[in-house]
Structure formats: C-alpha cells, structure tokens
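Inspection log for the structure reproduced underneath, given as structure tokens.
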Amino acid sequence: MIPAKELMKGAVDMHLHSGPALIKRGFDHVEVVRAAIDAGMRAVVIKDHHMPDGGTCQLVQKYFVKPEDNFNVYGSMAMGNPLGGVNPAIVEIALEYDTKVFWMPVMSAKYGRDRMEWLKENRPEYRQGVPAASKQLQFDPPMTILDDFGKLLPEVSTVCRLIAEGDAVLATGHISKEETYKLLDEAVRQGCKKIVITHAEYFHDFSYDEMRQFQDAGFYVEHILTTLYSGKQSYDGLYEMLKAHGAKRTIISSDLGQPGRPAPPQGILSFIEAMQERGMADEDIRRITSNNQKYLLGIID
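Written as structure tokens, this is what we have:
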C-alpha cells in the first residue's frame, strides 16, 4: 500500500471554492494554492458561483506559483444569471482566459433551488441548506435551460459548440434530470468530449445503474467531499457507491472551502486515507483523484 501522502502527489481538485467571493469562504485563492502545492498536488480548478475567475487564476499562476512547483491554477465559470445565463459571448471570452471548466446553472438553477427546499423540509441533514451570497441578489431569478415547450434554449447548443472547440470541460451543474439528459444529447452532437455529471449523488440521487450508464456513454461522474462534513454522506456510503459503479470515469472533487471545514487538500488526503482503510486499491484511488482529472484538463506530465 502506498502511503496516503504519496498518493496525494499529483492529485487534482477540479471543484473547490476560495475567496474573495460573494459567498463567504474560509480560504483565499493564494492560501488554497499554497496548501495544494505543499501537499504535492498537480492542479486545482477554482470555482466562483458569480464571477468568471480565469483571469484571477492566471495572475495567481504568474505571480505566486514557481516553475519548480509543477503546479497549475485553472479558472472556471458557472453559467448563472450574474453572467447572463447560458451566455455564448462570455463563454467565448472566458476560453481566451484559459478557463477550463464550464458549469451549467448552479446557484441560479430553478431545479437546484426547488430541490434544496424539498430536501430541507424532508431530510434533516439538509436543514442548513447551501451557503448563501452575502446579499440577496436582485437580478437572479430561478432559471432553466429549457424553453416553455421543454426544448433546450438555442444558446445551449452554441455554448456546447464553443466548449467543444476550446477542448474545455462541460459540467452539468444543478439542473434537473430532464435538463441533464437533453443537455448530454446536444453536447455530444456539438462535439463535447469532456463532460462531467456534477456531484451525481447530491441533489439528483442518480442510481448506481445510471452512474454506470453515464460512464459507459463516455461521461465522467463526479463525487464531492463537502457533504461528508455536513452529515449528508459518510465514508462508508461513498466507498460503497464507488465500488458499485467503478473508477474508470469517476472523479473526486473536494467542493470544499467553506468556513469551518478543512482546506481542500486536507479533505482529499482524508478521503484517500478513508478509502485505503476500506480496501480500495491504490491504482483506483490515483485514477479518481489524479489521472482522470489530468485527462479532462489536458495535463501532460
């Protein structure tokens, strides 16, 4: 068995939160990057729910990361109302800032908001909800990527084409199952090769069979670690889920950065230790914490 700290070397976190941001964070961008470099990680993708952060990440890369660190800081973009929704104009620009991951609506998603309200009423572990912005936004109504007839908005096709041309990652965000399946069909038609089902067990309750079907179709299934710290999930449950659908096209993301929770690298290290204790093979751990993410981000060592 490889020591957990050795397995951390080369790990990639494709979904973490740091500040400054409208939602309060426990760490700023430089603190998160410093912790990741110290842990021997290879790259992180920073996610802001309200602003594109490719340019910020380029500055952190240039002025903080040393060449000998062999480390990359990548930006992402969530296509919510603050950025004009599913907006081809800003996607085109964000790609020029080396933005690597594009999420369909997250905090703005109507399904995500409705689902969270249902969960808060019906599942005690969800009562705390999700972190909110520091102020109530006036121009952020619930949004969907479907029109009144249940068809994808035309701009979704354009955005998928741009993401495909930029060899970037399309992530599904907090949209509904119906929206997800229609999005996946269109994304494939537009040539997207790198598609992630955002935290498949959270909000959607995708079954193990559905997760396997996603993987068989060439999509990547993401599981997150922040739910371990809010009582929504256990290491045992996460291990059983990973064992059930396999590691071939699975990625583990921390989704950490909230105040009072571990720094993202510590979350990943604790996950590795927990999976080793439960008997997961080191090669599978490396695949889901490192190798699959490197493929998605185009990292060649």
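If you count the sequence shown from 1, you need to add 3 to reach this note's numbering. Using N, Cα and C, we set each Cβ at its ideal position, and we do this for glycine too.
Going by C-alpha positions, residue 160 is about 24 Å away from residue 142. In the three-state reduction of the DSSP assignment, residue 31 falls in the strand class, which pools E and B. Residue 298: member of the alpha helix (DSSP H) spanning 295–300, first to last residue.
Remark: C-beta atoms of residue 163 and residue 190 approach each other more closely than 8 Å. In the DSSP assignment, residue 256 is bridged to 227. Within the same chain, 167 come within 6 Å of residue 194 by CB-CB distance, once the 5 residues on both sides are set aside.
Per DSSP, reduced to three states, the secondary structure at residue 73 is coil, with no helix or strand assignment. When secondary structure is reduced to three states using DSSP, residue 251 falls in the coil class, being assigned neither helix nor strand. Residues of the same chain with a CB within less than 8 Å of the CB of residue 171, apart from the 5 flanking positions on each side, are 98, 102, 103, 104, 105, 197 in chain order. Closest option to residue 77, judged by alpha-carbon separation, among 121, 100, 179: 100.
It is roughly 15 Å from the alpha-carbon of residue 224 to the alpha-carbon of residue 300.
DSSP lists 102 as the beta-bridge partner residues of residue 78. For secondary structure counted as the alpha helix (DSSP H) over 4 or more consecutive residues, the region 100–169 holds these complete runs in sequence order: 113–125, 157–168. With at least 16 other beta carbons inside 10 angstroms of its own, residue 252 counts as buried. Using a 10 angstroms sphere on the CB of residue 240, the tally of other CB atoms stays under 16, which defines it as exposed. Excluding sequence positions up to five before and after residue 88, its CB lies within less than 7 Å of the CB of 82, 146, all in the same chain and listed in chain order.
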